[in-house]
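Start counting the sequence shown at 209; every next residue gets the next number (the working numbering).
Glycine included, each C-beta is placed from N, C-alpha and C at the ideal position.
Presented below is the structure to which this report refers.
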Amino acid sequence: MRFYSFLTFICLALLATSCGNRTEADHTSEDNAMKADDSAMTMTEGSIVDVSLEPMPATQEFQDAVISDWTYTDGKFNYETSGYEFAVPTPDADALMCANSGKGQHAHLIIDNEPYIAKYEPSFEQSIEDGYHHILTFLSRSYHESIKTPAAHRAVMASVKNGAFVKTAPISDPMLFYSRPKGTYTGKKETENVMLDFYPVNAPLGANEYQVKAVVNGKEEFMIDTWQPYYLKNLPMGENTVELTLMKDGEKVDAPLNPVTRTFTLAEAPAE
């Protein structure tokens, strides 16, 4: 009877030890699984990166670029320029790693609140409806950044009739014209750094002067007080929107065509 009791005791002890080992192993597996889940969650959270706005590197200067004459007659624009060449690549284009036009340098023409028209020759036909229009034109680098000097632009209030300027006068109101982003950007080189560029008229930017409020996709908001090109980074693939508002003293400026919103698209390259 004692021998049977002793055997029973040993069996129970072995069973308890075995159960204890299985429990410890189960806990270890559960801990490892939880750590893996935590790691996966961290990676997922880390992959959601906010859109950022960063100043572009210094770009090619065109201090001598001048629009010496600019006319619109018979439905045709004509630019007379110096210190600037149409349809050639800007020398620093490849170093900037952003969208660049293979057609080279060109003029941007913005009529009222419409997206800009890029023209790679100094003379071209362009229809404009009869009436009064806010018109901005400036000389551009091949990667679409405006040349930000007074002599390289014209900003006018124009009376147009039958494909000609009847009368023009320099714009006197503070205004903000949107230039880039525009259209579709394809592949890493174009989508990694998307240039934001705009053109203020009669609105010098500064901490105590005018500012530009940029709202990206209705969420991220940036206040800009320096007139220069910027990179938008971490934009999602697909449609994106940018709204630009001319501001002063924390309030929207009561100015023509203010604010302005544009939609553009980012797409993977076919091989990606």
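Go to residue i, then tell me how far its beta strand (DSSP E) extends in each direction, as first and last residue.
i, result
"Glu-288", "284–290"
"Thr-453", "446–456"
"Ile-343", "339–348"
"Ile-325", "325–327"
"Ala-422", "418–424"
"Ser-387", "383–388"
"Glu-429", "428–432"
If we count the other Cβ atoms within 10 Å of its Cβ and call it buried at 16 or more, is residue i buried or exposed?
i, result
"Glu-293", "exposed"
"Lys-284", "exposed"
"Glu-262", "exposed"
"Ser-350", "buried"
"Asp-405", "buried"
"Ser-348", "buried"
"Asn-448", "buried"
"Thr-434", "exposed"
"Gln-419", "buried"
"Gln-271", "exposed"
"Lys-427", "exposed"
"Tyr-340", "exposed"
"Val-374", "exposed"
Suppose you measure from the CA of residue i to the CA of residue j; what does that come to, to the nearest Å?
i, j, result
"His-316", "Ser-260", "26 Å"
"Asp-338", "Ile-379", "18 Å"
"Gly-414", "Met-431", "11 Å"
"His-342", "Val-257", "38 Å"
"Thr-267", "Asp-300", "7 Å"
"Thr-298", "Val-424", "28 Å"
"Pro-464", "Ile-318", "14 Å"
"Pro-478", "Gly-395", "8 Å"
"Arg-362", "Phe-346", "6 Å"
"Gln-436", "Thr-281", "33 Å"
Out of the options, which one is the CA nearest neighbour of residue i?
i, options, result
"Ala-475", "Phe-385, Tyr-328, Ser-309, Glu-398", "Glu-398"
"Ala-402", "Arg-388, Ser-309, Pro-382", "According to the sequence as given, residue 402 is Val; it is not Ala. The shortest Cα separation from Val-402 among Arg-388, Ser-309, Pro-382 belongs to Arg-388."
"Leu-344", "Ala-360, Thr-434, Glu-329", "Ala-360"
"Val-296", "Glu-333, Gln-313, Tyr-407", "Gln-313"
"Glu-429", "Tyr-438, Val-450, Asn-410", "Val-450"
"Pro-330", "His-352, Gly-371, Ser-276, Pro-437", "Ser-276"
"Lys-311", "Thr-473, Thr-471, Tyr-328, Met-383", "Tyr-328"
"Asn-466", "Ala-422, Tyr-438, Leu-443, Met-445", "Ala-422"
"Asp-462", "Pro-412, Tyr-439, Leu-384", "Leu-384"
Give the range of the alpha helix (DSSP H) segment to which residue i is assigned.
i, result
"Thr-399", "396–399"
Quiz prompt | Complete alpha helix (DSSP H) runs within the segment 255–321 (minimum length 4 residues, chain order) | solution = Taking 4 residues as the minimum length, the segment 255–321 contains no alpha helix (DSSP H) run wholly inside it.
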